[in-house]
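Participant: Using the numbering used here, the letters of the sequence shown map in sequence onto residues 3 to 212. Let me give you the structure first, and then I'll get to my questions.
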Amino acid sequence: MSKKILILSLVAALILAMTGCGTAATTTTATTAGTTAGTTAGTTAGTTAGTTPGGTTTQASGGKFLIGTYLQMTGSNAVPGTDAKRGIELAVKEINAAGGFNGAKIETIHYDTTGKTEEAVKVVQKMLSNDNVDAIIGSVNSNEVSACISYINDAKVFNFGLGTSATWMADQSKIYTFRASSNNNRIVPQDVDLLKDKLKYTSVAVMNGT
């Protein structure tokens with residue numbers, strides 16, 4: 003169990019370091035049943051990309067450790083989700099190139115929540131019951147993390163949440179869900195104090211990509 007936490011922590015840490023590398027790799031978004039999807043050679047760590055109904059899978063030979071993700075990769079708030087997926091694939095590539103984890107290659111399966119809570123619950127249930135994932139990463143949308151906590155607890159599968167809202171982070175029921183980022187309640191006040199008190203800025207523009 004502690005090994006699962008360690009490997010998931012490694013991937014999560016690398017995600018945060020790599021998601022800004024937007025041009026380092028090109029990956030496909032999650033697909034629907036009956037379509038063919040894959041990733042470019044630069045993002046699959048030498049593995050062969052395949053497709054499962056509803057998600058894109060990166061396969062590896064030999065022993066495996068399967069990480070499933072539920073991320074919004076289409077719609078009005080798709081940028082954080084697609085960036086997170088790109089970071090995950092880069093992290094997996096780096097870890098697998100170094101020999102994997104205890105000799106096991108990491109595989110990934112990605113699902114697009116489309117920004118809908120009910121879809122997030124649906125794909126998480128699928129990952130737990132059908133895909134038999136060893137661990138989960140997601141979502142970048144905090145409301146989706148909150149909606150999936152109970153299902154993840156019941157399955158006793160570790161999950162790293164990427165959303166930054168303090169609401170789900172304060173949920174005491176999240177036994178198997180851990181945060182991979184600071185919450186907004188701590189980040190924003192510190193940023194404001196820095197701009198106002200240290201840098202003496204009086205006018206600030208905020209830009210948000212979607």
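No residue lacks a Cβ here, since even glycine has one placed at the ideal position from N, Cα and C.
Among all the DSSP beta bridges, which residues are the ones paired with residue 65?
Facilitator: Start at 1 with the first residue of the sequence shown, and residue 65 comes out as number 63. According to DSSP, residue 65 bridges with nothing at all.
Participant: If you reduce the DSSP assignment to three classes, tell me which class residue 86 lands in.
Facilitator: Taking the first residue of the sequence shown as position 1, residue 86 is located at position 84. In this structure, residue 86 counts as helix in the three-state DSSP scheme.
Participant: From residue 190 to residue 82, what distance separates their C-alpha atoms?
Facilitator: Position 188 of the sequence shown, counted from the first residue, corresponds to residue 190. Position 80 of the sequence shown, counted from the first residue, corresponds to residue 82. Straight-line Cα distance between these residues: approximately 18 Å.
Participant: Got a sec: does the ligand ADP put a non-hydrogen atom nearer than 7 Å to the Cβ of residue 66?
Facilitator: For the ligand ADP, the structure offers nothing, since it holds no ligand at all.
Participant: Where does residue 176 fall in DSSP's three states?
Facilitator: The sequence position of residue 176 within the sequence shown is 174, counting from 1. Residue state, collapsed to three classes: coil.
Participant: Compute the beta-carbon to beta-carbon distance between residue 116 and residue 77, rounded to the nearest angstrom, for a pair I have assumed lies under 8 Å.
Facilitator: Within the sequence shown, residue 116 is the residue found at index 114, counting from 1. Within the sequence shown, residue 77 is the residue found at index 75, counting from 1. 5 Å between Cβ atoms; contact.
Participant: Starting from the Cα of residue 90, find the closest Cα among 152, 124, 79, 73 and give me that residue.
Facilitator: Sequence index remark: in the sequence shown, residue 90 carries index 88 (1-based). Measuring from the Cα of residue 90, the nearest candidate turns out to be 73.
Participant: Return the CA-CA distance between residue 198 and residue 209, expressed in angstroms with no decimal places.
Facilitator: Taking the first residue of the sequence shown as position 1, residue 198 is located at position 196. Taking the first residue of the sequence shown as position 1, residue 209 is located at position 207. About 18 Å.
Participant: Buried or exposed: which applies to residue 151, given that a residue is buried once 16 or more other Cβ atoms fall within 10 Å of its Cβ?
Facilitator: Position 149 of the sequence shown, counting from 1, holds the residue named residue 151. So residue 151 ends up on the buried side.
Participant: Taking the straight line between their C-alpha atoms, what separation do you get for residue 98 and residue 88?
Facilitator: Residue mapping note: residue 98 aligns to position 96 of the sequence shown, counting from 1. Residue mapping note: residue 88 aligns to position 86 of the sequence shown, counting from 1. Using only the alpha carbons, I get a separation of about 15 Å.
Participant: Is residue 200 buried or exposed, if buried means 16 or more other CB atoms sit within 10 Å of its CB?
Facilitator: Along the sequence shown, read from residue 1 onward, the residue named residue 200 stands at position 198. So residue 200 ends up on the exposed side.
Participant: Can you have a look at residue 125 and say buried or exposed, based on whether 16 or more other CB atoms are within 10 angstroms of its CB?
Facilitator: Counted from its first residue, the sequence shown places residue 125 at position 123. Burial call: buried.
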